[in-house]
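So the structure is just underneath, and the comments pick up after that.
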Amino acid sequence: MTASPAQALATAARAVAASKIYGSGDTEVRALDAIDVDFEQGRFTAIMGPSGSGKSTLMHCMAGLDTVTSGQVIIGDTDLTTLSEKDLTLLRRDNVGFVFQAYNLVPTLTAIENITLPMDLAGSAGDTAWIDEVVGATGLTDRVKHRPNELSGGQQQRVAVARALAGRPQIIFADEPTGNVDSNTAGEILGFMRSAVDQMGQTIVMVTHDPVAASYADRVVFLVDGKIVDELADPTPQTIRDHMTRLGA
Amino acid sequence: MFKLALRSLIDKKLRFALTTLVVVIGVMFVVGSFTLTDSLRSTFAGLAEDIAEGADLTVRVDQSFGGDFDRATVPAAVAERIAGVEGVGRVQPEVAAINVFIIDGDGEPIRPPGPPALGFSFNPGAFFITEGRQPAAPGEFAADTATAAGNGLRVGETYEINGPLNAEPFELVGVFNFGAPDSHTGLGQTMAAFELHEAQRFFGTQDGYQEIGVLVSAGSEIPEVQARLAAELGDGYSVVTAEVAAAEQEEDFNEVVDIFNTILLVFAFIAVFVSTFIINNTFQIIVGQRVREIGLWRAIGATPRQVSRSVITEAAIVGVVSTAIGIGLGLVLALVLRAILDLIGFPLPPGPLTLQPRTVVLAMVVGLGVTTISSIGPAVKARRISPVAALTQDFRLGATGLRRRLIAGGAAFAAGVVALAAGMTGGLDTTPRFVLLGVGAVLAFVGINIVSPVFARPAASVLGRPVRALFGMPGRLASDNAARSPRRTASTAGALMIGLALMGLAAVVGESLKKTFVNIIENAVEADYYIQSAATGFGPPAGFPAQVADEIEALDGIDSVVRIQFAFGGLSVDSEPRDIVATDMALADSHFDSQVSSGDIAGGDPLTALALHSDSATSLGVVVGDTVEATFPDNQTETLTLVAVYEDAAIYGNWLIDGALWDRHFNRNDLAFASVRVAGLSGAADESQQAALLASSRAAIDDVIERYPTVKVEDKAEFRQTQEAQITSFIRVIEVLIGLSFVIALIGIINTLSLSVFERTHEIGLLRSVGMTRRQLRRSIYWEALIVAVFGGLLGVTVGTVFGVATTLALPDSFVQVVAVPWLDLVVFVAISAVAGLLAAILPAVRAGRMNILDAISHE
Ligand SMILES: Nc1ncnc2c1ncn2[C@@H]1O[C@H](COP(=O)(O)OP(=O)(O)OP(=O)(O)O)[C@@H](O)[C@H]1O
Ligand SMILES: [Mg+2]
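Heads up: the protein sequence lines correspond to chains A and B, in order.
Converting from the first sequence to the numbering used here requires adding 23 to each position, the first position being numbered 1.
Converting from the second sequence to the numbering used here requires adding 24 to each position, the first position being numbered 1.
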């Protein structure tokens, strides 16, 4: 473990000896292998690793979209493994944000309606001033009445990030949020996420294959075969590439 | 991966099952109705032979029109001449009457619910005693085994019998099987048999016979005897062999079977038609969902032809499977229908089910036809899908333009209305009329269905407004989803619409009939009491003993009694049979106000007077004072003089003659209806005196009625109530039957909702991932179904009301005069369709709730 001043910060989410096993017997796949990981508040963490290493599985289990086979997943003070299906749903709605690789938006709702969707589902108005601020930060103020199919891929992803931010969740998970867009657009999305961390104090965990994308983060965690094998603080594209080459070797 | 593949297979299985089920129902109805009616026909053919076997030859008066019981009798003298003809062995004269009710041991009349209550002279050739002996003297009777056993009649006991003339006690001396010695072949009718002369006296058939059965003597040839008899009797009589008599019987039976068949086929038709909508809808959605897959095929070299063929093949497979299942279930349906008929009082003789090749062919035409025809549209759309679709993320199938929809739909609708109008008004035979009406209805509905997507979106958002307001985000999503694909919403709603439109039509026409009737009773009827048969049900109105009217007339405090008799095809003018009413024309005017527009009903010689409703007078081109040549069922022709033309046909129908003229030409004595006026009402000092007069006369009438359990008396208010209730229950039965199409529409909604839920899998996963609870998700699907169903309900009720009002206006005034819309019923119909929509949403909603979020998210 690299020493870092950030370790002093409070933890937003944490996995303790978390394992996820798919199938059984001969076909058993150990997607997460007794992982221990902390995500500190107000920091931007990137997760990298080869395909099939368990990155998405980790995101899903941390966000309450899936359950671990053993171990614990904790968001704030809540142990997710003790929650019922309904409480998990409410936790996702109120305390967690999630951004998928693509198609994050409900096609019948406008951009602003997509952003406020979790609050609408909760039947609360949300913090309007905050929502205005988030919308302002996306740079899409004049397009909020548009439907997703009238927005570009990058704009759609920014709306998705804005939705994740709008409810001020304890933590946001993003699974390859820039996997589907060109590098310019990726830059816009990543810049937006970076500023959410810097200016709004949001905690974000992001999976990516792109060293440039990962370099927007404060810290990079490397995953191989369901285990955390390494991590890197204050990364640059070059240091990340070096690490990856080393891991691959 | 495997999990996903399995999941989509399960989805397809359900879709396949639901689509198949829809077609199965249509096929089942077609097969069930033909099988049942074919089986009935073959059973009846056997029965008719049994009945006719009693005599080698039958002699009777020629009859070219009119009811069987209105046939003129063969005079006794002629019977003697027959006996004298060479080769005639035994002569068996017969009389028969309808409305001969046996009163059981508890004083209750034995009333078959549909078939008639019959009286006969005992005929040893067709009636086979199983217990006791045949009736041989006055005051004796025998009953058929089914009636005796079913009502606990015991040989040796005396029972009251209400005949056409009066009520008398008779001793039950025997029980018999009808048709064959060892089994009774009845169709639910009750049969009371008397000694010949006793029957003549009790039925009031004077000294004539309805038929004379002849058994040829040993050694004589039937054709020779037939020829000799014909020569002896001359014109006006017919001498028929047992075969001909059997064929005629069979034809009579078949007429009933045909009506039954027509009713069943109408339902089959509705079922098939509704299924067509649903199957078409299903294939549209399937093609829509497979756009990318089909685009990929095209990209790797599949021709448009191959693409459309694959769609039609899928439909054909559904067609073949459902035809096979439908035929099997159709046979079961035939058995079930037979059991139901048996339960409600039409016991049918047992016999094997007859599945004719014609039925199988029809089933295939329906099953395969419906599926392939409904898949043509989607197949054409599929072949137009370009290879680019595989690459485009959000490729949508081309929707038909608004203008084209309006034009095509409007044209189809207009053509349908023209066909309907022609079918309703044109003087056509039954078959072309039904074909026109059927084609017209189909075209009109197809037209509406083509146009309805145009207003599906606005309607869905208007209907969605309260849902949005009340149910927050789930409500919002529900209303968006309902408005999302107007075509789909419209055709799902369309399936519901058809049933509701027909129910609405029935309700409006029924309500108008009811209002018309109430108006008549309020305005046209001036008598104080009404006497009629206490029988209720859907059979022809039963008659009651004429004696009842005589006894009431003789009571103190009664001013007058007017008797009404009725005959279908009671006389023929210009070779066309006309239904007639006979009454006391001199008195009738003081009991009923039929709005005489010219002449005077009471103003003619009773033996030649004729009064007509203005419709008939106009179509015949006659005015008061003109003469009309009328032939009666006894083949006699009279010159009648038109004495009056009236506007209100409610009581008199279209043709009115006097009872005196009736008595000359009819042997039927029972009354259909009688009205009573109490004496002294206008001279009464005040209302309480009037009430006292009415009460005392009512008490006296009740005393008379008590002795005739088949008869009831009602005052104006009661009369009105029972008539209203009767119309209402009749309409309800029709509505319930049409409501069967609801079941099909329900499956249609399940199907469409399941498919659209499947189509939205990714979106559902997304909503769940951002915190939509299962309950919220299920609710949004319920509200969506509710919006679609209410849209269908409103559409149907609107269409039904328009058609109902049009029908009411088109029907002759003599039938309905008032247009009335039963608003409450219509609201209830919409509510029913809303409930149906919610029920249909349960399965798709539960399935959506159970979806695994991550699987759903990874679903494109
Ligand atoms: N539903 C499932 N059933 C069985 N095995 C699964 C399932 N989901 C994931 N796996 C397996 O778990 C392992 C981890 O998968 P995961 O999707 O987390 O990888 P990843 O790191 O996100 O890969 P990528 O970079 O390709 O997205 C893989 O071996 C995968 O095959
Ligand atoms: Mg992944």
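Note that the Cβ used here is the ideal one computed from N, Cα and C, for glycine as well.
Here the structure is a predicted model, which means the values were calculated and not measured.
Short CB-CB distance (under 7 Å) between residue i and chain B
{"i": "residue 67 (chain A)", "result": "no"}
{"i": "residue 260 (chain A)", "result": "no"}
{"i": "residue 129 (chain A)", "result": "yes"}
{"i": "residue 116 (chain A)", "result": "yes"}
{"i": "residue 143 (chain A)", "result": "yes"}
{"i": "residue 121 (chain A)", "result": "yes"}
{"i": "residue 112 (chain A)", "result": "yes"}
{"i": "residue 72 (chain A)", "result": "no"}
{"i": "residue 89 (chain A)", "result": "yes"}
{"i": "residue 146 (chain A)", "result": "yes"}
{"i": "residue 103 (chain A)", "result": "no"}
{"i": "residue 140 (chain A)", "result": "yes"}
Residue i: CB within 6 Å of a non-hydrogen atom of ligand 1
{"i": "residue 220 (chain A)", "result": "no"}
{"i": "residue 87 (chain A)", "result": "no"}
{"i": "residue 882 (chain B)", "result": "no"}
{"i": "residue 299 (chain B)", "result": "no"}
{"i": "residue 789 (chain B)", "result": "no"}
{"i": "residue 480 (chain B)", "result": "no"}
{"i": "residue 54 (chain A)", "result": "yes"}
{"i": "residue 499 (chain B)", "result": "no"}
{"i": "residue 74 (chain A)", "result": "yes"}
{"i": "residue 45 (chain A)", "result": "yes"}
Any non-hydrogen atom of ligand 2 within 6 Å of residue i CB
{"i": "residue 79 (chain A)", "result": "yes"}
Cutoff 8 Å; reference residue i; Cβ partners in own chain excluding five residues on either side
{"i": "residue 840 (chain B)", "result": "533, 536, 537, 540 and 832"}
{"i": "residue 260 (chain B)", "result": "85, 86 and 659"}
{"i": "residue 793 (chain B)", "result": "877 and 881"}
{"i": "residue 720 (chain B)", "result": "581"}
Same chain, Cβ closer than 6 Å to residue i, five either side skipped, listed in chain order
{"i": "residue 30 (chain B)", "result": "Below a pLDDT of 50, predicted positions are generally treated as unreliable, and residue 30 (chain B), at 41, falls in that range; no measurement from the model is reported."}
{"i": "residue 724 (chain B)", "result": "579"}
{"i": "residue 531 (chain B)", "result": "846 and 849"}
{"i": "residue 229 (chain A)", "result": "69 and 197"}
{"i": "residue 403 (chain B)", "result": "332, 335 and 336"}
Min CB distance residue i to chain A below 7 Å
{"i": "residue 882 (chain B)", "result": "no"}
{"i": "residue 900 (chain B)", "result": "Past the edges of chain B, shown from 25 to 884, lies residue 900 (chain B), and the structure says nothing about it."}
{"i": "residue 793 (chain B)", "result": "yes"}
{"i": "residue 504 (chain B)", "result": "yes"}
{"i": "residue 776 (chain B)", "result": "no"}
{"i": "residue 768 (chain B)", "result": "no"}
{"i": "residue 878 (chain B)", "result": "yes"}
{"i": "residue 425 (chain B)", "result": "no"}
{"i": "residue 496 (chain B)", "result": "yes"}
{"i": "residue 797 (chain B)", "result": "yes"}
Residue i beta carbon near ligand 3 (any heavy atom closer than 6 Å)
{"i": "residue 292 (chain B)", "result": "Of the ligands one can find in the structure shown, namely ligand 1 and ligand 2, none is ligand 3."}
Can you check the segment 163–213 of chain B for any alpha helix (DSSP H) of at least 4 residues that lies completely inside it and give the ranges in chain order? 169–175
Could you tell me which uninterrupted beta strand (DSSP E) segments, each at least 3 residues in length, are contained entirely in the segment 26–105 of chain A, listed from first to last along the chain? Unbroken beta strand (DSSP E) stretches of 3 residues or longer found wholly inside the segment 26–105 of chain A: 34–45, 52–63, 67–71 and 93–98, given in chain order.
Validate contact between the segment 433–441 of chain B and the segment 467–479 of chain B using beta carbons, cut 8 Å, 3 pairs: yes
Which runs of the beta strand (DSSP E), 3 residues or longer, sit entirely within the segment 206–230 of chain A? 227–230
Determine, using beta-carbon pairs with one atom in the segment 515–532 of chain B and one in the segment 301–320 of chain B, whether at least three such pairs fall under 8 Å. yes
Scan the segment 115–154 of chain B and note each continuous beta strand (DSSP E) run of 3 residues or more that stays entirely inside, going in chain order. 120–122 and 141–145
Does the pairing of the segment 695–708 of chain B with the segment 653–667 of chain B give three or more beta-carbon distances under 8 Å? In short, these stretches do not touch, since the Cβ pair count stays below three.
Segments assigned beta strand (DSSP E), at least 3 residues, entirely inside the segment 226–266 of chain B: 235–240 and 261–265
Of all the alpha helix (DSSP H) runs that stay within the bounds of the segment 306–383 of chain B, which reach a length of 4 or more residues? 315–323 and 328–367
Does the contact criterion of 3 or more C-beta pairs under 8 Å hold for the segment 491–510 of chain B versus the segment 807–825 of chain B? The answer is yes - the segment 807–825 of chain B touches the segment 491–510 of chain B, with three or more Cβ pairs under 8 Å.
Evaluate contact between the segment 566–574 of chain B and the segment 180–193 of chain B, counting only Cβ atoms and requiring at least three cross-stretch pairs below 8 Å. Yes: the two stretches touch, three or more of their Cβ pairs being nearer than 8 Å.
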